[in-house]
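Shown next as C-alpha cells:
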C-alpha cells in the first residue's frame with residue numbers, strides 16, 4: 191500500500207483515539223451505571239480493555255503499513271462489531287450516544303470510493319444496532335426516531351462516499367495538470383534547448399563548410415551528439431507518460447540513458463543497483479534523473495575521466511544516487527574549480543525540492559555526487 195493510504199489510516203486512527211476518552215467518561219456517568227448490572231459493567235470494562243489492545247495493535251500495523259493490509263475493507267466490520275458490543279453491554283438503546291460512533295466505520299468505508307462497500311457497511315451498522323438492542327422491550331422503542339436515525343446513517347454513508355469520490359477526481363485532475371506543467375517545463379528547458387543548439391550548429395556547418403571543412407566536420411559531430419542527447423531525453427519523457435508497469439520504472443530509463451551517453455563518448459560505465467526496486471513518485475524520479483544527467487554532463491565537460499560509476503540504493507525510507515568518476519577532481523576554491531557551479535546549484539535545488547540532500551565530494555581520484563531523497 192502506498193504512503194497516501196498509510197497517511198489516511200493514521201489520520202483515521204487519530205480520530206479513533208480521540209474518541210476513547212469519551213467512551214471512558216460515558217461508562218462512568220451515573221445514569222449509565224445505574225442501568226448496568228454487575229455482570230454487564232464487568233463485560234463493558236473487558237470491552238474497553240479489548241478496544242485499547244485493538245487500537246494499539248492497529249496503530250502499530252498502520253505505521254508498518256504492510257502491503258497485504260487493505261485496512262479500509264478489513265476494519266469497518268470490526269469497528270461496527272465493537273460499537274455494537276458497547277451498545278449491547280450498556281443500555282441496549284439504539285438512540286444511545288454510543289450509537290453516534292457508528293459514523294466512524296461509515297466514514298472509513300466511504301473513502302474507498304466503492305458505493306457497494308459503503309452501502310454494505312451502512313447495512314451492517316443497521317443490523318448491528320438492531321441486534322444490540324434486542325434485549326430492550328419493543329414498547330420502549332420510539333419507531334420514528336429509530337427509523338430517522340437509520341435513514342440518516344444511510345444518507346450520510348452515500349454523501350460521504352460521493353464527496354470522497356469527487357475529491358479523488360479533483361485530486362487526480364490536479365495531479366495530471368501538475369505532470370503536464372512539469373513535462374512542458376522539462377521540454378522547454380531541456381529538449382527545446384538541445385534542438386535549438388543542434389539547429390545553430392548545423393547553420394554553422396553550412397557557413398564554414400567551404401572555407402574550413404575540418405571545422406565543419408567537427409561541428410557536424412557536435413550537432414549529431416546534441417541530437418542524440420535530445421533523443422535520449424525525449425525517450426525518458428515519453429516513458430514518464432506511460433505507466434510504470436509498461437516500462438519497468440525509473441531504473442531502466444536511467445540505465446539506458448547513461449549507457450548511451452557513456453558509449454558515445456568512450457567512457458567506461460559501471461551501473462549498480464542495491465536493494466529491492468522501489469516505485470518512486472514522478473517528481474522524485476525526475477529529480478534523480480536530472481541530477482544524474484547534469485552530473486554526467488559535468489564528467490564529460492570537465493573531469494577528463496575514463497570511467498564513471500552510477501549507483502542506485504533503494505531503502506525503505508529513501509533512495510540514494512551516487513555518480514562517481516576517475517577524473518581530475520575539483521579544487522576547494524570555487525574560482526579555481528572546473529565544476530559548473532550553476533549546474534551544482536540546479537542539482538541541489540532539485541534535491542531540496544523533494545526534501546532530499548545533495549552533496550559533492552572530491553576523492554583521491556575523481557569526484558562523487560551523492561543524493562538522498564526520502565520516500566513520500
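Residue numbers (the numbering used here): 191 to 566.
Yeah, the Cβ is synthetic: ideal placement off N, Cα and C, and Gly gets one too.
Here the structure is a predicted model, which means the values were calculated and not measured.
By the CB criterion at 8 Å, residue 355 and residue 294 fall outside the cutoff. Across the structure, residue 206 and residue 216 are spaced so that their CA atoms are roughly 15 Å apart. Within its own chain, the residues whose Cβ lies closer than 6 Å to the Cβ of residue 307, once the five positions on either side in sequence are excluded, are 299, listed in chain order.
Of the residues 533, 454, 232 and 237, the one whose Cα lies closest to the Cα of residue 210 is 237. Under the criterion of beta carbons closer than 8 Å, residue 556 and residue 493 qualify as touching, at roughly 7 Å. Straight across, the Cα-Cα distance linking residue 213 with residue 275 is about 13 Å. In the structure shown, the three-state DSSP call for residue 502 is strand. The three-state secondary structure of residue 416, taken from DSSP, is helix. Relative to residue 291, the option among 316, 309, 479 and 463 whose CA is nearest is 316. Taking a contact as a CB-CB distance under 8 Å, the pair residue 262 and residue 232 does not count as one, their CB atoms being some 33 Å apart. For residue 227, the secondary structure class from DSSP, reduced to helix, strand or coil, is coil. Per the coordinates, the alpha-carbon of residue 250 lies some 11 Å from the alpha-carbon of residue 196. Under the DSSP definition of a beta bridge, residue 552 partners with 557. About 5 Å separates the beta carbon of residue 450 from that of residue 422, a gap short enough to meet the 8 Å contact definition.
Excluding five sequence positions before and after residue 505, the CB atoms of its chain that fall closer than 7 Å to its own CB belong to 465, given in chain order.
Rounded to the nearest whole angstrom, the CA to CA distance from residue 446 to residue 477 is 17 Å. DSSP places residue 511 in the uninterrupted beta strand (DSSP E) bounded by 508-515. With contacts defined as CB atoms closer than 8 Å, residue 564 and residue 546 qualify as a contacting pair. Across the structure, residue 314 and residue 352 are spaced so that their CA atoms are roughly 19 Å apart. A direct Cα-to-Cα measurement between residue 204 and residue 241 gives close to 14 Å. The Cβ atoms of residue 343 and residue 296 lie closer than 8 Å to each other.
Counting along the chain, no beta strand (DSSP E) covers residue 468, and no H or E run does either. Distance between residue 243 and residue 286, taken at the CA atoms: about 24 Å. Non-local C-beta neighbours of residue 395 in its own chain, meaning closer than 8 Å and more than five positions away in sequence, comprise 406, 409, 410 and 413, ordered along the chain.
DSSP lists no bridge partner for residue 319. Per DSSP, the beta-bridge partners of residue 562 are 510 and 547. Closest in C-alpha terms to residue 321, from the list 270, 489, 360 and 402, comes 270.
Between residue 420 and residue 385, the CB-CB gap stays under 8 Å. When only Cα atoms are considered, residue 392 and residue 550 end up about 36 Å apart. Here residue 461 is bridged, per DSSP, to 500. Assigned with DSSP and collapsed to three states, residue 259 falls in coil, not helix or strand. Cβ-Cβ separation between residue 257 and residue 289: approximately 35 Å, too far for a contact (criterion under 8 Å). Annotation: residue 482 to residue 511 spans about 8 Å, alpha carbon to alpha carbon. Spanning the alpha carbons of residue 453 and residue 440 requires a straight line of approximately 20 Å. A direct Cα-to-Cα measurement between residue 552 and residue 544 gives close to 25 Å.
Excluding its 5 nearest sequence neighbours in each direction, residue 399 has C-beta neighbours in its own chain below 8 Å: 406, listed in chain order.
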